[in-house]
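Some notes on the structure that comes next.
Residue numbers (my numbering): 129 to 539.
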């Protein structure tokens with residue numbers, strides 16, 4: 129048996145964080161023709177490094193396999209589009225970003241964020257590995273290179289005169305198996321006076337909110353300020369500010385500069401967040417040990433609710449086909465015996481089936497057709513947006529249910 133090693137520091141990985149059994153790739157949506165074929169399942173077991181405290185999964189499938197044809201399009205969430213627009217406005221104001229500057233986004237998806245800079249005449253470039261998604265960005269007027277980011281792509285950016293004054297990396301650092309190559313690339317691609325912002329779901333919020341469903345194979349790392357600061361510092365980068373965000377169940381936005389760039393002073397926020405994590409025990413292995421017991425309890429409560437509802441003859445459907453939903457359903461063993469179908473706004477997912485559970489994905493209009501008693505919201509981080517969109521279910525007495533932090537019927 130091979131010895132597991134930390135993807136950042138190389139220390140042996142022996143401490144378990146959360147074992148969710150065997151699971152398919154969470155974005156591997158199935159076509160009808162795939163339903164009779166064998167599906168690959170991989171261990172979904174997160175470990176924590178005893179040296180640097182990076183929580184991580186092993187790499188079972190290459191990023192090329194996972195991300196080359198990708199089912200996630202950012203533009204199908206209204207609240208996420210608003211988040212991107214607000215970000216652009218804040219960065220332009222805070223760092224005086226103008227038409228003489230270069231903005232680069234890593235994992236730029238369908239251009240949902242950069243289009244806000246393009247609209248203001250600011251030179252922008254997206255780096256996006258998924259060809260199908262990058263094509264949509266180009267059609268929307270956002271220049272995009274189709275490739276993975278690391279040292280090699282960073283050197284290409286420099287050679288092309290595209291070194292960044294502002295770089296953005298939203299929810300991508302967690303998706304990178306070779307985290308050292310990625311961060312070394314940032315060091316190369318960022319201008320000496322440049323600013324990098326990095327957003328990721330905060331491990332502190334994942335644990336406090338019992339958000340175990342955000343663990344899936346496309347997320348190789350689960351990040352805290354303490355672990356991320358070590359990784360960035362190793363590559364000559366300094367966090368000079370940090371903000372807490374409400375996105376994805378609670379995220380951090382780090383503001384990063386070259387260690388040599390003393391013109392941007394480090395705010396008090398960084399020390400405050402570091403202290404919050406230390407007081408929560410994020411620099412002690414014992415803190416991570418109890419998480420899995422809470423996960424098992426959440427599974428039991430959700431199954432008890434579904435079994436009891438079905439015993440009363442209730443009809444249940446789901447809303448959304450997010451990656452996190454596939455972790456939840458596969459770990460809990462929830463299939464069409466509990467959920468008739470799920471719906472999603474993305475035409476790319478409609479007509480397909482969820483991996484592992486084979487639950488069909490329909491258009492949102494299907495819900496009004498069957499008038500279910502309960503709608504289980506799988507992207508629970510968008511619960512307010514979805515409740516507004518689907519408010520009409522109350523006309524027949526339908527109720528919304530969220531599964532995280534534990535099962536709850538919304539009033």
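Backbone N, C-alpha and C define an ideal beta-carbon position, used for all residues, glycine too.
- Taking 8 Å as the cut-off, the Cβ atoms of residue 477 and residue 496 do not count as close.
- For residue 143, the enclosing beta strand (DSSP E) begins and ends at 143–151.
- The beta strand (DSSP E) runs of length 3 or more contained entirely in the region 282–326 are, from start to end of the chain, 292–298.
- In the DSSP assignment, residue 173 falls within the beta strand (DSSP E) that extends over 170–176.
- For residue 164, the three-state secondary structure derived from DSSP is coil.
- Within the same chain, and ignoring the five residues on either side of residue 373 in sequence, the residues whose Cβ sits closer than 6 Å to its Cβ are 379 and 381.
- Per the C-alpha coordinates, the member of 162, 159, 525 and 182 positioned closest to residue 305 is 182.
- Remark: three or more beta-carbon pairs, one from each stretch, lie closer than 8 Å, so the region 451–461 and the region 414–431 are flagged as touching.
- Following the DSSP letters along the chain, one finds residue 527 inside the beta strand (DSSP E) bounded by residues 527–530.
- With a cutoff of 8 Å on beta-carbon distance, residue 383 and residue 452 are scored as not near each other.
- Shown here for residue 225: same chain residues with a beta carbon closer than 8 Å to its own, the five before and five after excluded, namely 219, 231, 245, 250, 293 and 294 in chain order.
- The Cβ atoms of residue 443 and residue 498 sit closer than 8 Å to each other.
- Looking at the DSSP output, residue 495 bridges to nothing.
- For the 8 Å CB-CB criterion, residue 274 and residue 239 do not form a contact.
- Secondary structure at residue 356: helix, using DSSP grouped into helix, strand and coil.
- When only Cα atoms are considered, residue 519 and residue 538 end up about 12 Å apart.
- Less than 8 Å separates the beta-carbon of residue 151 from that of residue 170.
- In the DSSP annotation of this structure, the continuous segment of the alpha helix (DSSP H) that includes residue 512 starts and ends at 511–517.
- Rounded to the nearest angstrom, the Cβ distance from residue 348 to residue 135 is 7 Å, consistent with a contact under 8 Å.
- Taking the CA atoms as reference points, residue 325 sits about 9 Å from residue 370.
- In the three-state reduction of the DSSP assignment, residue 430 falls in the helix class.
- Nearest neighbour of residue 405 by Cα position, chosen from 494, 352, 368 and 375, turns out to be 352.
- Residue burial annotation: residue 445 is buried, with at least 16 other C-beta atoms found within 10 angstroms of its C-beta.
- Counting along the chain, the unbroken alpha helix (DSSP H) around residue 217 starts and ends at 206–223.
- Taking 8 Å as the upper bound for CB-CB distance, residue 316 and residue 279 are in contact here, some 6 Å apart.
- Residue 267: member of the alpha helix (DSSP H) spanning 259–267, first to last residue.
- Beta-bridge annotation (DSSP): residue 444 is paired with 502.
- Cβ atoms of residue 400 and residue 387 stay farther apart than 8 Å, at about 21 Å.
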